[in-house]
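Here the numbering used here is used: the sequence shown runs in plain steps of one and ends on residue 530. A virtual CB, placed ideally from N, CA and C, is assigned to each residue, including glycine.
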Amino acid sequence: MLGFLEDRTRVEGYLKASLKIQDKLIRRVFTILLAVSAASASFPAFSQPFFERYEALLERHKLVKAAEADIEAQRERIQSTIGGWYPRLNLTGFYGREKIRNPVETPDTSFLTREFDFNVTQLLWDFGVANSQIRTAHLQLELVQSQLFAARQDVLLRALSAHVNVRRTVEVLNFAKQSEENIKAQATLEDALVQRGAGLSTDVLQAKVTLAGAEARRVQSEGALEVAKNTYKTLFSEFPTDAKRLEVVSVPEFLFPETVDEAVQLSFEGNPNLRAAMIGVKVAEEAIETTRASEFYPTLDLVGEAKFKQDVGGAAGFKREALGKVQFTFPFNLGFTAINSLRAAESDSTAASRRVSDLRDQIEEQARNAWSNLVTAGQNAALLQNQANIAAEFLDLARKERQLGKRTLIDVLAGETNLINAQSDATSAQSDVIIAGLTLLSVMGQLSVDVVSVIDAKVPGKN
68 MLGFLEDRTR VEGYLKASLK IQDKLIRRVF TILLAVSAAS ASFPAFSQPF
118 FERYEALLER HKLVKAAEAD IEAQRERIQS TIGGWYPRLN LTGFYGREKI
168 RNPVETPDTS FLTREFDFNV TQLLWDFGVA NSQIRTAHLQ LELVQSQLFA
218 ARQDVLLRAL SAHVNVRRTV EVLNFAKQSE ENIKAQATLE DALVQRGAGL
268 STDVLQAKVT LAGAEARRVQ SEGALEVAKN TYKTLFSEFP TDAKRLEVVS
318 VPEFLFPETV DEAVQLSFEG NPNLRAAMIG VKVAEEAIET TRASEFYPTL
368 DLVGEAKFKQ DVGGAAGFKR EALGKVQFTF PFNLGFTAIN SLRAAESDST
418 AASRRVSDLR DQIEEQARNA WSNLVTAGQN AALLQNQANI AAEFLDLARK
468 ERQLGKRTLI DVLAGETNLI NAQSDATSAQ SDVIIAGLTL LSVMGQLSVD
518 VVSVIDAKVP GKN
């Protein structure tokens, strides 16, 4: 029991803290919208299709449409629960033959009998059942709205990640092709030297070995590009029309919090899954009230009845009956199952509270991991880019020294291999930075189409 109270106290604290969400999120969204306005004036025209593409994606994606259908269904359920306070009309009629065998003193009867009954029932009071059901329906609407927001975030994260991965594999493939061409040219040069008697056959063979490795890397890169394009098609329902011209994206740093603790706090306030779980706790608590009222209290109804009978009950002729009454109904199971139902509802509430506590811990872990991944990816990208720059300088000098006879072919080929690996690693690291940033925004519940509109998206080759 103490554990239940502690969990409930924690959840109530979360819910009270969540009341501060609106102020903080409104300020943050306002900042983003200001950036959108500034960005829309400064971004080139060719970035607009990027925004429109993602806006259209959120309108047609199956998960988003399914969540929107859930919302419409829940709105209809709200109207259905409100109907608990509306009068209920029951109409009953029959037509048939009635035969009655009476005692000896009374003659038997046989009539074509017919009857029409008209019943109107208006709920007067049910000790809170109907109102509790209405509140539950509204809470469930909030729940599915949070699920819609979560679905939109999930689709955006997957789509942007797929976009970034296509760009990543395109650039890695370009590096692989360039390296293959360079090694092929070097192999041709070494072969020409051998033909003139100025080179070594072993150098030609070494060049061919390195060329075979470069060709294998190029084939692997082509396969990785096809896989990335397939993932892209899963989200956008079409392959990128020109993967080489797919926009290069980057996420502005002002969208990120300044510290990991701020990231955790924003995740507590904005994560849609945590918000949905908190609403689930409130639904479970409302279920306790519904169960208590329905199982332990009666229902009072105002009932009006009218019956129209013709040749019914052995009485020839037309007969009309009318009745108005206040009706008291209290079904009670003598096995005292009402107590079991109430305990079950309380246990459901306890379970929901503890799941929120666990989910809160998971969200904190996700936020800290996302922050750590972003920081690590940024540092790694800087180091790998520096490595690629050094590898490029080394290869340039090695080629010049090779022409002067100061370097062996193995040095040049090793430099070529090191450069392609360094360039590929640096490109992948830059992509990891973008995906890590998007993931952090998603955990905080701030990855939206507004964020997409301020992402710097540039077509390759244009400034």
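>> Please classify residue 462 as buried or exposed, where buried requires at least 16 other C-beta atoms within 10 Å of its C-beta.
In response: buried
> What residues in its chain sit with their C-beta under 6 Å from that of residue 184, if we drop five residues either side in the sequence?
Replying inline: 159 and 374
> Would you call the CB atoms of residue 347 and residue 419 closer than 8 Å?
Replying inline: yes
> Should residue 297 go down as buried or exposed, given a rule of 16 or more other Cβ atoms within 10 Å for buried?
Replying inline: The Cβ neighbour count for residue 297, taken over all protein chains shown within 10 Å, is under 16; the residue is labelled exposed.
> So, is residue 174 buried or exposed, given that buried needs 16 or more other C-beta atoms within 10 angstroms?
Replying inline: exposed
>> Assuming residue 286 and residue 523 are in contact, meaning their beta carbons sit under 8 Å apart, how far apart are those beta carbons, in whole angstroms?
In response: Their Cβ separation, rounded to whole angstroms, is 33 Å, which puts residue 286 and residue 523 out of contact at 8 Å.
> Around the Cβ of residue 401, are there at least 16 other Cβ atoms within 10 angstroms (buried) or fewer (exposed)?
Replying inline: Around the beta carbon of residue 401, fewer than 16 other beta carbons lie within 10 angstroms, which makes this residue exposed.
>> Closest to residue 422 by C-alpha separation, out of 216, 349 and 215, would be which residue?
In response: 349
> Which ranges would you report for the alpha helix (DSSP H) in the region 323-352 if only whole runs of at least 4 residues count?
Replying inline: 327-337
> Among the residues of its own chain, which have a CB less than 7 Å from the CB of residue 587, if the five just before and after it don't count?
Replying inline: Not covered by the structure: residue 587. The range shown for the chain is 68 to 530.
> Which residues bound the beta strand (DSSP E) around residue 461?
Replying inline: Looking at the DSSP string, residue 461 is not in any beta strand (DSSP E); the run it does join, the alpha helix (DSSP H), is 404-470.
> Terminal residues of the continuous beta strand (DSSP E) containing residue 177?
Replying inline: 176-192
> With DSSP run on the structure shown, which of helix, strand or coil describes residue 401?
Replying inline: coil
>> Please report the distance separating the alpha-carbon of residue 521 from that of residue 328.
In response: 25 Å
> Is the distance from the Cβ of residue 438 to the Cβ of residue 505 below 8 Å?
Replying inline: no
> Which residues does DSSP pair with residue 275 in a beta bridge?
Replying inline: In the DSSP output, where bridge partners are listed per residue, residue 275 has none listed.
> Got a sec, what are the start and stop residues for the alpha helix (DSSP H) residue 473 sits in?
Replying inline: That residue, residue 473, is in no alpha helix (DSSP H); it is neither H nor E in DSSP.
> Looking only at DSSP bridge pairs, what is residue 377 linked to?
Replying inline: 181 and 385
>> Suppose you measure from the CA of residue 120 to the CA of residue 355; what does that come to, to the nearest Å?
In response: 46 Å
>> Which same chain residues end up closer than 7 Å to residue 312 when comparing Cβ atoms and leaving out the 5 residues on each side of it in sequence?
In response: 526 and 527
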